Structures are given as structure tokens and as C-alpha cells.
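What follows is a single structure, written as C-alpha cells, with notes after it.
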Amino acid sequence: MSKGEWGQFGSRSVAVGAPLRTSASWVSPNAPQWRLLRWLLRPSSGHWPIASGSGEWRASLRWWNRWLSFRKWPIGAWWRRSSRASMQWSDAGRRAVTGLVAVVVLSSVVGCGGDKGSGGAAAVPDGVESLTITNREHTDVDVDYPTVPPAGGDHLGIWHNCGLYTVELYDEAAVHSLEHGAVWITYRPDIGVSGIVSLNEILSGEDKVLLSPHPDQTAGVVATAWARRLELEGPDDSRLMAFVEAFRDGDAAPEPGVSCSRGIGEPPANPLAGLPPRP
503 MSKGEWGQFG SRSVAVGAPL RTSASWVSPN APQWRLLRWL LRPSSGHWPI
553 ASGSGEWRAS LRWWNRWLSF RKWPIGAWWR RSSRASMQWS DAGRRAVTGL
603 VAVVVLSSVV GCGGDKGSGG AAAVPDGVES LTITNREHTD VDVDYPTVPP
653 AGGDHLGIWH NCGLYTVELY DEAAVHSLEH GAVWITYRPD IGVSGIVSLN
703 EILSGEDKVL LSPHPDQTAG VVATAWARRL ELEGPDDSRL MAFVEAFRDG
753 DAAPEPGVSC SRGIGEPPAN PLAGLPPRP
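With the sequence shown counted from 1, adding 502 to any position gets you our numbering.
Below, the structure is given as C-alpha cells:
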């Protein structure tokens with residue numbers, strides 16, 4: 503093989519465009535294909551480049567770039583075809599699984615009643631306002647929302663961790679939590695200490711709920727989900743928990759069931775905990 507048929511990858515030389523072979527040279531550890539694979543998967547800085555600290559995310563990107571380049575080579579194409587083939591099911595297998603899922607879903611529907619006690623959907627309380635949300639892009643600028651507090655729209659790429667806060671939250675981060683199916687209960691500070699204590703007692707232990715003051719709202723207490731809001735008469739309004747049960751991880755949320763943790767904020771008084779530093 504002439505020198506022109508070899509290419510440099512780091513400190514290693516490998517055959518560029520060499521045909522794949524099924525002879526003993528193919529299984530040899532020093533075969534060009536395996537030398538290329540070892541170079542592609544070589545560790546970065548002495549360990550695998552997992553994004554775990556300063557600069558490591560760049561190493562991860564470099565590793566993935568090498569992997570994508572590898573997929574364009576003949577062995578990479580073979581690897582890709584083999585992986586895809588192993589994931590393909592037969593038509594009969596797919597029909598069997600589809601039938602099984604249909605039976606399970608039908609059984610669940612038949613076994614569920616229409617009220618909350620029998621496992622059905624919670625009833626929607628009176629007075630809920632439905633909104634039309636047209637945008638939900640990630641942004642890093644302040645958003646002028648049409649309602650206070652907001653019930654959806656463009657938002658930050660990071661969300662607030664759910665919990666009971668005693669300080670104001672960032673609207674753009676709270677809206678991202680709503681997108682994940684969270685319910686946001688806000689109150690004016692002038693409802694008094696007893697009202698704030700009552701809200702904390704009612705919502706204590708509830709999953710996927712945010713509680714925070716919001717001085718700019720008109721009602722004393724407001725319950726908000728994605729595209730849904732309800733102005734309440736006070737902390738002891740019985741519709742509060744009905745709203746939470748009806749719209750938590752509800753169908754109106756674009757991403758119901760997605761985590762309301764691993765974001766930013768640590769109740770009760772640190773809304774910026776966990777905020778990553780600027781690059």
C-alpha cells in the first residue's frame with residue numbers, strides 16, 4: 503500500500519478507504535479498521551469524556567463528532583445497518599403487541615368510573631378560564647405575558663423545581679414548569695400570615711406544585727396550569743385542590759409527566775439554587 507493511501511488520525515496511521523476483508527487480517531487487533539475504531543473511541547484526558555466539569559462538555563462534543571464520522575465509514579455503515587435490523591420487529595410481532603396494548607387499555611377504561619373515587623379524571627371546578635397559547639419557544643429575554651401570573655408561552659430553557667416558596671419566582675422559569683404539567687399557586691402577600699400558613703398546610707406534600715407570592719396579581723390567590731387559570735376567593739376556597747387534581751399533568755400541558763425537579767430553585771427561599779454559571 504502506498505503512502506498516499508494512508509491518513510493521519512492523531513498520532514496513529516490508518517488505511518483510508520481500505521476494503522473490508524473476511525480473512526485473518528480482518529480479525530487481527532492491528533487491522534486498520536480496528537485501529538481506526540480504537541482511535542475514535544480513545545479516552546479524552548485519560549478518561550471517558552463525560553460532561554462532568556469545566557471543559558468536559560467540549561470533550562463530549564468532540565467524542566460525538568468522532569462517532570458521527572465513524573458512522574460514515576464502511577464498518578460504521580455495517581454497524582448502523584446491523585443495529586437497525588436488530589430493532590426491526592416482524593409484522594406478526596407488531597400486531598401481537600398492538601393487540602395486547604389495546605386489551606390493556608380497554609380493560610383500564612372499563613374498570614374506571616367517572617368520579618375521582620373510582621380512578622376516573624377529577625372534575626373541573628367552576629370558574630376555570632381556558633386560554634389559547636400560541637407560542638412555547640425557549641428564550642433568554644423577558645416575556646410580556648397577557649395574564650398575571652402567566653399560564654403559558656415562551657419561557658426559559660430551565661424550569662423551577664417544584665415546591666413551596668416564600669419568595670417570588672421567575673415567571674419565565676415557572677412557565678417552563680407549567681409546560682411539564684406542574685400547577686402554580688400564587689398569592690398576594692397581603693392575604694396575611696394566616697392565609698399564607700393555610701396555603702402551605704394545604705399544599706404540603708403535594709407533587710408537582712409550585713407555591714409562591716406574586717404581588718402583581720389582582721386576586722388574592724390564583725391557581726394556574728398550562729392554558730388554565732382560576733382566581734380563588736381565598737386560601738380556603740375548596741376549588742383549590744380540585745384545580746390541582748384536575749390539571750396536574752393534565753392533557754392541556756404540552757409535556758405532562760416530565761420532571762419538575764433537576765431545575766433551579768430550592769424551597770423555601772432560594773429561587774436561583776442550581777443555576778449553572780455562565781460559560
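Cβ atoms here follow ideal geometry from the backbone N, Cα and C, with glycine treated the same way.
A quick note: this is a predicted structure, and the numbers were derived from the prediction, not measured.
Own chain residues within Cβ distance below 8 Å of residue i, not counting five before or after
| i | result |
| --- | --- |
| PRO717 | GLU670, ARG690 and PRO691 |
| ILE635 | ALA653, GLY654, GLY655, TRP728 and ALA729 |
| GLU757 | GLU681, HIS682 and GLY683 |
| ASN637 | GLY655 and ASP656 |
| ASP739 | VAL723 |
| SER706 | LEU666 |
Same chain, Cβ closer than 7 Å to residue i, five either side skipped, listed in chain order
| i | result |
| --- | --- |
| ALA775 | ILE766, GLY767 and GLU768 |
| VAL606 | Because the pLDDT at VAL606 is just 44, under 50, the model does not fix this residue reliably, and the point stays unresolved. |
| LYS710 | CYS664, GLY683, ALA684, VAL685, ARG750, ASP751 and CYS762 |
Start and end residues, alpha helix (DSSP H) containing residue i
| i | result |
| --- | --- |
| ILE698 | 695–705 |
| GLU747 | 741–749 |
6 Å Cβ shell around residue i - same chain, five flanking residues per side excluded
| i | result |
| --- | --- |
| VAL650 | ASP718 and GLN719 |
| GLY659 | HIS640 |
| GLU674 | VAL645, HIS657 and LEU658 |
| LEU744 | The sequence as given places Ala at residue 744; Leu does not occur at that position. Correct list, in chain order: PRO627. |
| SER763 | ASN663 |
| GLU631 | ARG731 |
| LEU633 | ALA653 and ALA729 |
| ALA748 | ALA624 and VAL626 |
| VAL746 | VAL685 |
| GLY697 | PRO737 |
| ALA755 | GLY683 and TRP728 |
| VAL699 | none |
Rounded Cβ spacing between residue i and residue j (contact assumed at less than 8 Å)
| i | j | result |
| --- | --- | --- |
| ILE704 | LEU666 | Wrong, their Cβ atoms sit about 10 Å apart, outside the cutoff. |
| ILE693 | LEU713 | Actually they are not in contact, since the Cβ atoms of ILE693 and LEU713 sit about 12 Å apart, beyond 8 Å. |
| PRO773 | TYR672 | 6 Å |
| ASP753 | GLY759 | Not a contact, Cβ separation roughly 11 Å. |
| LEU701 | ALA721 | That belief does not hold up - the Cβ atoms of LEU701 and ALA721 are roughly 13 Å apart, past 8 Å. |
Reduced DSSP secondary structure (H/G/I, E/B, other) of residue i
| i | result |
| --- | --- |
| PRO627 | coil |
| ARG731 | strand |
| VAL677 | helix |
| PRO770 | coil |
Beta strand (DSSP E) segment containing residue i, residue limits
| i | result |
| --- | --- |
| SER714 | 711–715 |
| VAL685 | 685–689 |
heavy atom of the ligand ZN below 7 Å from residue i C-beta
| i | result |
| --- | --- |
| MET743 | Absent from the structure shown: the ligand ZN. Ligands present: none. |
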